[in-house]
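Taking it in order: structure first as structure tokens, then the write-up.
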Amino acid sequence: MADDPKTLPKTLLVWEHPLSPYAQKVKIALREKGIPFEVRLPVGIGAGSTDDAFAAASPRREVPALEHGPVTIFDSRIIVDYIEDVWPTPSLLPADPVLRARGRMVEEAVDTQLEAIGWGLMELRVFKRGDDATRASIEAHAARQIAQFHAFLTRTLGDAPFFGGAAFLRADMAVISHLMGAARPAPETPLGAWVARCLARESVAITAKEAADSVAGMANVDAAVKAGLFKRQYRDHRLEWMLRCGGMEIVRDGIATDTIRFSTEIA
Ligand SMILES: N[C@@H](CCC(=O)N[C@@H](CS)C(=O)NCC(=O)O)C(=O)O
């Protein structure tokens, strides 16, 4: 018999990195629900963690992971589903089934394709992968793809104030987490106005500040990659994006220099 989540302590532990959009989604959801939580940064995240406590919560060694008493959960969508199941009010989902389905589609799209672009731009800009010509060519692909994504999101939002309809709900939490970094829309656009509405919420503002503070500590991380302290994870939609945009040499070089790795096999 599984533990009854309703009898477990209300305080949760979120394994996270402040820059992970998936972790941001989870923290915004918890903050919107008013559920207290602690955060922990896994030792060695970004290098292929060796932290056993973290691996027990997240066998794929990815953040976010949630600990609720003896219950451990990985993957942001499964975590937010769990939060919603255990603490159904206030609900993070709209009542209308069409809006719910639309929100789930938007979450799927941003969590896969849009996230890959933001991740890839970090590989170029922060981790300094590739030579100047390769970087310029991949940047051009990314700019075009981000413009396409903005158009898709703007169409989906339509005239509504939020992706959740009248209220800031789960789809908004998913999208804003991917639009606060490299893919941020111009403020004068409808999508930019939506970003401002999201940032006016305390849950988002706190989460955004945590991310901004953590960027400050990232100077010279490219040197840390070259010194073997970081080994960046190239997997699924991110790997596809790099190859799609012409980054085969970056992948080949990363394998040759042992500065990239693939997903962690669940053992
Ligand atoms: N599908 C997962 C994706 C989580 C994910 O990709 N997390 C990244 C950070 S954004 C990670 O922890 N990567 C492991 C690493 O870089 O070592 C979710 O929704 O939670």
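Here the sequence shown is numbered in my numbering, starting from 4 and rising by one per residue.
All C-beta atoms in this analysis are idealised placements derived from N, C-alpha and C, irrespective of residue type, glycine included.
In this text the structure is predicted, and so the values were computed from the model without any measurement.
With 16 or more other CB atoms across the displayed protein chains lying within 10 angstroms of its CB, I48 is buried. Out of Y85, L117, R138 and T115, the CA that lies nearest to the CA of E126 is found in R138. Remark: fewer than three beta-carbon pairs, one from each stretch, lie closer than 8 angstroms, so the segment 86-100 and the segment 44-60 are not flagged as touching. Closest by C-alpha distance to W90, out of P45, K131 and L33, is L33. Nearest neighbour of R147 by Cα position, chosen from L117, T14, K28 and G133, turns out to be L117.
Three or more beta-carbon pairs separated by less than 8 angstroms are not found between the segment 74-91 and the segment 142-162, which leaves the two stretches without contact. Here the segment 215-234 makes no contact with the segment 187-198; the two share fewer than three CB pairs at distances below 8 angstroms. Selection D114, K13 and L102 evaluated against H240 yields D114 as nearest (Cα-Cα). DSSP places W18 inside the beta strand (DSSP E), whose first and last residues are L15 to W18.
Between R43 and G51, the gap from beta carbon to beta carbon reaches 8 angstroms or more. A buried status is given to A186, since no fewer than 16 other beta-carbon atoms sit within 10 Å of its beta-carbon.
The beta carbon of E41 is closer than 8 angstroms to those of T14, L15, L16 and V17 in its chain, skipping five residues each way along the sequence. The C-alpha of K131 is placed about 39 angstroms away from the C-alpha of G37. Taking 8 angstroms as the upper bound for CB-CB distance, L11 and G72 are in contact here, some 4 angstroms apart.
Taking the Cβ atoms as the reference, G168 lies roughly 31 angstroms from A145, outside the contact range of under 8 angstroms.
Relative to ligand 1, the beta carbon of V66 is positioned inside 7 angstroms of a heavy atom.
Counting along the chain, L156 sits inside the alpha helix (DSSP H) bounded by residues D135 to L160. Judged by beta-carbon spacing, S206 lies within the 8 angstroms limit of E35, meaning their Cβ atoms are closer than that value. Taking a C-beta distance under 8 angstroms as the contact criterion, K28 and A177 qualify as a contact pair. Counting along the chain, V228 sits inside the alpha helix (DSSP H) bounded by residues V224 to K229. Judged by DSSP secondary structure, E243 falls within the alpha helix (DSSP H) whose first and last residues are D239 to R247. Relative to ligand 1, D84 has its C-beta separated by 7 angstroms or more from all heavy atoms. It is roughly 16 angstroms from the alpha-carbon of T262 to the alpha-carbon of R128.
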